[in-house]
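Undergrad: Please find one structure pasted underneath; my questions will follow.
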Amino acid sequence: MSFDDRDLASLSPEQKVGLPPGSVVFVGEDRTAPVQFRVLEYGPDHLVETDDEGLDEVLAYRDTAPVTWINVTGVHDESAIRTVGDHFHVHPLIQEDIAHTGQRPKLDPQADYLYLVVKMLYFDEDRGGALRAEQVSFLVGERNLISFQEDPGDVFDPVRKRIRNRRGHIRDRGPDYLAYALLDVIVDHYFVVLDELGTRTEDLEDEIMGADGHDVEDDIHDLRRDLIFMRRMTWPMRELLHQLERLDSSFWADDNRPYVRDTYDHVVQVLDLVEALRDTASGLHDLHMTSISNRMNEIMKVLTIIGTIFIPLTFVAGIYGMNFEYMPELTWQWAYPAVWGLMIVTAGALLVYFRRREWI
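Be aware that the sequence shown starts at 0, since it is given in numbering that gives the first Met the number 0, and climbs by one per residue.
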């Protein structure tokens, strides 16, 4: 059975089951924006940067020198992915992985290139600041690097500035060093996400300890969910960088090993911080429940004291509310104010007693 482009584009993940291996099918959130191409060609004394390139113009950069970075924004157009992949001799299974945005971060060495998948984390302001992971794929060749991302906007601007301003060694190195620089800036941005999560944790702790009685259970749940999500996205990065550090490939220079090792250490720090925040978030839940219990205890204490004070007063009122005919106090002139005085003295004595016992 054969499928044309329209059939493949309309498939859901469930319908993708059973298709031949290498079927390029986009799996992810529906998008209608056109695919954008951005090309940055550079060398020690050479720099050309172009935006809004067309597909035909991009295909001409396959054999250009010394280094060409082609950034493709939008993997929902299967025909564009197949065209670029076939032109640069990308295996159909790799093309399939590029269009499937649910990939786990990984390294897949091939004969003509290296294929890497990573997750770029950021807070999506269009969705109320929700934490989102965007899949970014890299094809590292001898002279070029092709990156695929889902949506416009990324964290790569510091690398672009380094290329434009000739900062560091990036203009003197190959596409493998460029791939390292992009991986490093993605990992560095994890700390920005962690800083925001840490601020949320501190704010939640202040709210819990405050006396406003605000229910933060949903906020704590969202925080814990984001931390679990971040750990799930970043944990495979440690394995990827570990493999990259020990990679023996003509597309990855040995000089990159110390830099990759440094990025590996950063990922380990990120995971340690995520675990620490997860423990703190669990503690916040316990602290919140304790705070609720303490507030409830305070309320019950006040109600108990009020009820205890009114027990003897109710007893006195009950005695004189029995309407017996022969009660000597009923005919006494000062009976009414005397009963009131008795009840006031009783209530006052109880309050003094509670105060001395430090119950109130």
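Even glycine gets a Cβ: it sits at the ideal position worked out from N, Cα and C.
Using C-beta distances below 7 Å, list every residue in its chain close to Leu338, excluding the 5 sequence neighbours before and after it, in chain order.
TA: On the sequence shown, position 339 is the one that residue 338 refers to. According to the sequence shown, residue 338 is Val rather than Leu. Hits under 7 Å: Val315, Tyr319.
Undergrad: Given a threshold of 16 other Cβ atoms within 10 Å of its Cβ, counted over all protein chains shown, does His99 qualify as buried or as exposed?
TA: Mapped onto the sequence shown, residue 99 falls at position 100. Counting the other CB atoms within 10 Å of its CB gives His99 a total of 16 or more, which places it among the buried residues.
Undergrad: Using only the alpha-carbon positions, how far apart do Glu216 and Phe122 sit?
TA: For the purposes of this step, residue 216 is identified with residue 217 of the sequence shown, where counting begins at 1. For the purposes of this step, residue 122 is identified with residue 123 of the sequence shown, where counting begins at 1. The alpha-carbon atoms of Glu216 and Phe122 are separated by roughly 21 Å.
Undergrad: Would a C-beta distance cut-off of 8 Å place Arg103 and Pro257 closer than the cut-off?
TA: What you label residue 103 is simply residue 104 of the sequence shown in a count that begins at 1. What you label residue 257 is simply residue 258 of the sequence shown in a count that begins at 1. In this structure, Pro257 does not lie closer than 8 Å to Arg103 by Cβ.
Undergrad: By DSSP, does Pro108 sit in helix, in strand, or in coil?
TA: As a working note, residue 108 is residue 109 in the sequence shown. Here Pro108 sits in strand by DSSP.
Undergrad: Give me the Cα-Cα distance between Phe155 and Val47, rounded to the nearest whole angstrom.
TA: Here residue 155 refers to the residue found at position 156 of the sequence shown. Here residue 47 refers to the residue found at position 48 of the sequence shown. Roughly 17 Å between the two C-alpha positions.
Undergrad: Got a sec: is the Cβ-Cβ distance from Gln134 to anything in chain B below 8 Å?
TA: In the structure shown, chain B does not exist; there is a single protein chain.
Undergrad: By alpha-carbon positions, which one of Gly152, Leu272, Pro336, Phe353 ends up nearest to Phe36?
TA: Reading the sequence shown from its first residue, position 37 is the one you call residue 36. For the residues Gly152, Leu272, Pro336, Phe353, the minimum Cα distance to Phe36 belongs to Gly152.
Undergrad: Please report the distance separating the alpha-carbon of Ile185 from that of Glu357.
TA: Position 186 of the sequence shown, counted from the start, is the residue given in the question as residue 185. Position 358 of the sequence shown, counted from the start, is the residue given in the question as residue 357. Taking the CA atoms as reference points, Ile185 sits about 58 Å from Glu357.
Undergrad: Below 6 Å CB to CB, which residues in the same chain sit around Gly212 once its five sequence neighbours on both sides are set aside?
TA: Within the sequence shown, the letter at position 213 stands for residue 212. Annotation note: pLDDT 49 at Gly212 (below 50); position unreliable, coordinate value reported separately. Excluding its 5 nearest sequence neighbours in each direction, Gly212 has no C-beta neighbour in its own chain below 6 Å.
Undergrad: Nearest by alpha-carbon distance to Ile80: which of Leu286, Trp251, Thr233, Ser146 is it?
TA: Along the sequence shown, read from residue 1 onward, the residue named residue 80 stands at position 81. Closest option to Ile80, Cα to Cα, is Ser146.
Undergrad: How should Ala178 be labelled, buried or exposed, when 16 other C-beta atoms within 10 angstroms of its C-beta is the threshold for buried?
TA: To locate residue 178, count along the sequence shown from 1; it is residue 179. Ala178 is buried by the Cβ-count criterion.
Undergrad: Look up Leu243 in the DSSP assignment and give the residues it is bridged to.
TA: Within the sequence shown, residue 243 is the residue found at index 244, counting from 1. For Leu243, which the question treats as bridged, DSSP gives no partner whatsoever.
Undergrad: May I ask you to list the residues that DSSP assigns as paired with Arg30?
TA: Residue numbering aside, residue 30 sits at position 31 when the sequence shown is read from its first letter. Answer by DSSP bridge pairing: none, since Arg30 is not bridged.
Undergrad: Return yes when the Cβ of Leu203 is within less than 8 Å of the Cβ of Leu272, no when it is not.
TA: Here residue 272 refers to the residue found at position 273 of the sequence shown. Here residue 203 refers to the residue found at position 204 of the sequence shown. It is not a contact, given that the beta carbons lie outside the stated cut-off.
Undergrad: Which residues mark the beginning and the end of the beta strand (DSSP E) in which Trp68 is found?
TA: Within the sequence shown, numbered from 1, the residue matching residue 68 stands at position 69. According to the DSSP assignment, Trp68 belongs to the beta strand (DSSP E) that extends over 66-72.
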